[in-house]
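Protein chains in written order, with this note's numbering: chain A, 1 to 109; chain B, 110 to 218.
Idealized CB from N, CA, C, for every residue including glycine.
Here's the structure we're looking at; comments come further down.
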DNA sequence: CGGGATCCTCTTTGATACTG
DNA sequence: CAGTATCAAAGAGGATCCCG
């Protein structure tokens, strides 16, 4: 997804950035925790495979939404946190969370 | 997408509803015009094929985001408008639009 | 005009290893 | 711990033709 076709409107552009299968959720979790290690993200999204998670994280980083810090220690340690651009999604994600809640309550008791 | 796996969090639920390839854009256009015919939506999203457009519209209708009115005339005429639930996305889509603009300006001058 | 039905291709995703 | 590699399966998407 890092190589995108040029979006024709701003909404499309936004969706290209956060519309990936786990992207919004990943950002959401990092946002609420300020910083998370790989395994901590994994714990929070159990049905995502390593492959998918790593891929989405790579794309989010390439798109400037989050930043990855690798500590050269054994065992390895990496931390993910949002860039300023990523943080500018805060209000949108909060609203999406509320909106989704409404739907969940109606659809699944 | 109308048959979804139960989402584990509200953000995921929201993305299942509006994360489809053209869904957010479709809603956006209908929102700004109050009501649109099929061909008018098509004009506004030229790179979407009939198949995709029809499919996304069907799913959005099934999910209760928009409502379709078919007039039994020749030639056929259908109108799409948002339900109340669909309209409750207004603020989110406005923010997504602004946010996407920022990105577009930085990435494609 | 507003789609549906088919067929076919390409991408995305999942399962299952393996590694520095 | 934090991923990568490879292969297979599934699904999304496009092209084309058709219809009331």
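| Item | Value |
| --- | --- |
| Continuous alpha helix (DSSP H) assignments of at least 4 residues falling wholly in the stretch 48-93 of chain A | 50-62 and 84-87 |
| Separation of residue 209 of chain B from residue 62 of chain A, as counted between CA atoms | 16 Å |
| Endpoints, the alpha helix (DSSP H) within which residue 4 of chain A is located | Careful: residue 4 of chain A lies outside any alpha helix (DSSP H) and carries neither H nor E. |
| C-beta contact flag for residue 114 of chain A and residue 53 of chain A at 8 Å | Given that chain A is displayed from residue 1 to residue 109, the structure contains no residue 114 of chain A and the question cannot be resolved. |
| Below-8 Å beta-carbon distance, residue 95 of chain A vs any chain B residue | yes |
| Inter-residue Cα distance where the pair is residue 51 of chain A and residue 180 of chain B | 49 Å |
| Neighbour flag for residue 40 of chain A against chain B, beta carbons, 8 Å | no |
| Contact with chain B by residue 30 of chain A, beta-carbon distance below 8 Å | no |
| Chain A within 8 Å of residue 118 of chain B, Cβ atoms only | yes |
| Rounded straight-line distance, which links the Cα of residue 69 of chain A to that of residue 76 of chain A | 11 Å |
| The stretch 75-95 of chain A: positions lying closer than 9 Å to chain B by Cβ | 85, 88, 89, 91, 92, 93 and 95 |
| CA nearest to the CA of residue 93 of chain A, picked from A:55, A:26, A:10 and A:8 | A:26 |
| Option in A:41, A:95, A:33 and A:35 with minimal Cα separation from residue 22 of chain A | A:41 |
| Per-residue contacts from residue 122 of chain B into chain A (C-beta, under 7 Å) | 100, 103 and 104 |
| Exposure of residue 189 of chain B, with buried meaning 16 or more beta-carbon neighbours within 10 Å | buried |
| Residues near residue 1 of chain A by beta carbon distance below 7 Å, same chain, minus five either side | Only weak support is given to the placement of residue 1 of chain A: the predicted model assigns it a pLDDT of 48, under 50, and the value that follows is read from those uncertain coordinates. These residues qualify, in order along the chain: 16, 20 and 59. |
| Closer than 7 Å at the beta carbon, the chain B residues around residue 54 of chain A | Under the 7 Å cutoff, chain B gives no residues; its nearest Cβ is about 19 Å from residue 54 of chain A. |
| Neighbourhood of residue 213 of chain B by C-beta, 7 Å cutoff - its chain only, sequence neighbours within 5 removed | none |
| Residue-level contact to chain B via CB, residue 24 of chain A, 8 Å cutoff | yes |
| For residue 124 of chain B, three-class secondary structure by DSSP | helix |
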